[in-house]
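Chemist: Residue numbers (the numbering used here), protein chains in the order written: chain A, 6 to 125; chain B, 40 to 149.
Starting off with a structure, shown below.
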Amino acid sequence: QVQLQESGPGLVKPSQTLSLTCTVSGGSIFSGDFYWSWIRQPPGKGLEWIGYIYYSGATYQNPSLRSRLTISVDRSKNQFSLKSNSVTVADTAVYYCARYNEINHVFDVWGQGTVVTVSS
Amino acid sequence: QTVVTQEPSFSVSPGGTVTLTCGLSSGSVSTSYYASWYQQTPGQPPRTLIYSTNTRSSGVPDRFSGSILGSKAALTITGAQADDESDYYCVLYMGGGIWVFGGGTKVTVL
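Structure, rendered in structure tokens:
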């Protein structure tokens, strides 16, 4: 049973860089059938797809966020990470990592989410 | 950018039926968009209900069903129960490696 767990600072100052890591357990990040994704949810609002990374290192990001984002993978640790620079209060959200199953076309495994607050 | 539309809220009586829809600001939803549906309660991550338009995820009760209705993807709850009171989100695959979530529908059972 694959499980995902987000980790990272819960508080980030405006204009600084948000850094989060998702640890994959119970399965390998090397599988070619999955896209390892980040999704966020501002307080009281809906879900927003941020981007994904493939095990090969290929990435794609939401065009509205792309200029500030870096998504990377650490195969040795079975982890993938999100960095977003120049954050503002609008980046305050619960950040989820999720596995997109390319065979069934579904986000089939979700982490519990981690709260990130942008505040001075 | 294309917007994925959902009704903001719905109310349904216990035992009743409700159909939520997932549309596009421009164009029609087809099976090529691989619509999937997720249920979320406060403080919890989303739970996968339906994928590839109409396939129930493992363990999901058969009172949840997915379909294409006209130009939209749809999620129908038949025989609503109290614990179906949740937020429901759809997501569509736009092609080119991009997914877009709808704004969500809050379902109240009363």
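For glycine and all other residues, C-beta sits at the position ideal for the given N, C-alpha and C.
Remember, predicted model here, so these are calculated numbers, not experimental data.
Using C-beta distances below 7 Å, list every residue in its chain close to B/Val99, excluding the 5 sequence neighbours before and after it, in chain order.
Modeler: Taking the first residue of the second sequence as 1, we reach residue 99 of chain B at position 60. Counting only Cβ-Cβ distances below 7 Å, and skipping sequence neighbours, we find Leu88.
Chemist: Are the beta-carbon atoms belonging to A/Tyr101 and A/Gly116 less than 7 Å from one another?
Modeler: Here residue 101 of chain A is taken as the residue at index 96 of the first sequence, counted from 1. Here residue 116 of chain A is taken as the residue at index 111 of the first sequence, counted from 1. Yes, Cβ-Cβ distance for A/Tyr101 and A/Gly116 is below 7 Å.
Chemist: My output table needs one value for B/Thr70: the three-state DSSP class, helix, strand or coil.
Modeler: Within the second sequence, numbered from 1, the residue matching residue 70 of chain B stands at position 31. DSSP places B/Thr70 in helix when its eight states are reduced to three.
Chemist: According to DSSP, is A/Ala98 helix, strand or coil?
Modeler: Taking the first sequence and counting its residues from 1, one reaches residue 98 of chain A at position 93. Three-state result, A/Ala98: strand.
Chemist: Using the beta-carbon of each residue, which ones in chain B are nearer than 9 Å to A/Gly51?
Modeler: Position 46 of the first sequence holds residue 51 of chain A. Those within 9 Å of A/Gly51 in chain B are Gln45, Asp126, Tyr128, Phe140, Gly141, Gly142, Gly143.
Chemist: With C-beta atoms as the reference, is B/Thr115 less than 7 Å away from B/Thr60?
Modeler: The residue given as residue 115 of chain B occupies position 76 in the second sequence. The residue given as residue 60 of chain B occupies position 21 in the second sequence. Cβ distance not < 7 Å, so B/Thr115 and B/Thr60 don't count as in contact.
Chemist: Applying the criterion that 16 or more other CB atoms from any shown protein chain within 10 Å of the CB defines a buried residue, is A/Asn90 buried or exposed?
Modeler: As a first step, residue 90 of chain A must be located in the first sequence, where it is residue number 85. Exposed, since its Cβ has fewer than 16 Cβ neighbours within 10 Å.
Chemist: Under 9 Å between beta-carbons, which chain B residues line up against A/Phe112? List them in chain order, please.
Modeler: Numbered from 1 along the first sequence, position 107 holds the residue referred to as residue 112 of chain A. Here the neighbours are Ser75, Tyr77, Pro85, Thr87, Tyr90, Val130, Trp138.
Chemist: Using C-beta distances below 6 Å, list every residue in its chain close to B/Gly142, excluding the 5 sequence neighbours before and after it, in chain order.
Modeler: Numbered from its first residue, the second sequence carries residue 142 of chain B at position 103. Cβ neighbours of B/Gly142 beyond the five flanking positions: Gln45.
Chemist: Against A/Tyr65, what residues of chain B qualify as contacts under a CB-to-CB distance less than 9 Å, listed in chain order?
Modeler: Within the first sequence, the letter at position 60 stands for residue 65 of chain A. By Cβ distance, chain B contributes Gly135, Gly136, Ile137.
Chemist: Taking C-beta pairs closer than 8 Å, name the residues in chain B that A/Ser69 reaches, listed in chain order.
Modeler: Counted from its first residue, the first sequence places residue 69 of chain A at position 64. Ordered by position in chain B, the residues that pass the 8 Å Cβ test against A/Ser69 are Gln40.
Chemist: On a Cα-Cα basis, can you pick out the residue from B/Pro53, B/Ser65, B/Gly55 that is closest to B/Lys111?
Modeler: Indexing the second sequence from 1 puts residue 111 of chain B at position 72. Considering only alpha carbons, the answer is B/Ser65.
Chemist: For a contact defined as C-beta to C-beta under 9 Å, what are the partners of A/Tyr101 on chain B?
Modeler: For this step, residue 101 of chain A is matched to residue 96 along the first sequence. Residues of chain B passing the Cβ test: Pro84, Pro85.
Chemist: Between the alpha carbons of B/Ala113 and B/Ser69, how many angstroms are there, rounded?
Modeler: Taking the first residue of the second sequence as position 1, residue 113 of chain B is located at position 74. Taking the first residue of the second sequence as position 1, residue 69 of chain B is located at position 30. Cα-Cα distance, rounded: 11 Å.
Chemist: Beta-carbon separation of B/Tyr73 and B/Tyr127 under 7 Å?
Modeler: Walking along the second sequence from the start, residue 73 of chain B turns up at place 34. Walking along the second sequence from the start, residue 127 of chain B turns up at place 88. Not a contact, by the Cβ cut-off of 7 Å.
Chemist: Which residues does DSSP list as the beta-bridge partners of A/Ile34?
Modeler: Numbered from 1 along the first sequence, position 29 holds the residue referred to as residue 34 of chain A. According to DSSP, A/Ile34 bridges with nothing at all.
Chemist: Whole angstroms is fine: what's the gap from A/Pro68's alpha carbon to B/Ser125's?
Modeler: Within the first sequence, numbered from 1, the residue matching residue 68 of chain A stands at position 63. Within the second sequence, numbered from 1, the residue matching residue 125 of chain B stands at position 86. Taking the straight line from one Cα to the other gives about 29 Å.
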